[in-house]
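Below: the structure, in structure tokens.
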Amino acid sequence: MMQKILIDTSNLSTIAVCLEQLVNAERAQLSIEHLLDQSTNNAEFSSWRKSAEKALRAVKAKRRLITAQLAVLRQQEKEKNEENRQQHNEYLIAELREIVTPSSFTRCVRYATDKLEACGE
């Protein structure tokens, strides 16, 4: 008999939770598929088989939901990281403007722009 694996999709609020539930879904799916592969096709197992197939469809649906939420959370994390990098750069520029001479700062800006354009070619 298979041990029931709980797949909780009620609180997919972090990447870690999504990954944990994705592992649970994978384990459940593999377990159900294994049991279906091992089952015989006689009449006494037909109702059990239908229940197992229904459970497999439910697990796959939960997996799709978890995967979709994981994609959203990863995109949000990517955007947040980009905002943090941008904010860091703005702070860095403000501090450099205070420390270096205006001509040195302008020269640094020109060098950085030239390097950026060279990378884009």
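Per my numbering, the sequence shown starts with residue 1486, numbered consecutively. For each residue, glycine too, the CB sits at the ideal point set by N, CA and C. In this text the structure is predicted, and so the values were computed from the model without any measurement.
- For Q1523, the enclosing alpha helix (DSSP H) begins and ends at 1500-1523.
- Within 10 angstroms of the beta-carbon of I1584 lie fewer than 16 other beta-carbons, which makes it exposed.
- Here the alpha carbons of S1516 and T1525 stand approximately 16 Å from one another.
- Q1560 carries a helical assignment under DSSP once its states are collapsed to helix, strand and coil.
- In the three-state reduction of the DSSP assignment, N1574 falls in the helix class.
- If you draw a straight line from the Cα of E1562 to the Cα of T1499, it comes to about 10 Å.
- Shown here for Q1554: same chain residues with a beta carbon closer than 7 Å to its own, the five before and five after excluded, namely L1497, C1503 in chain order.
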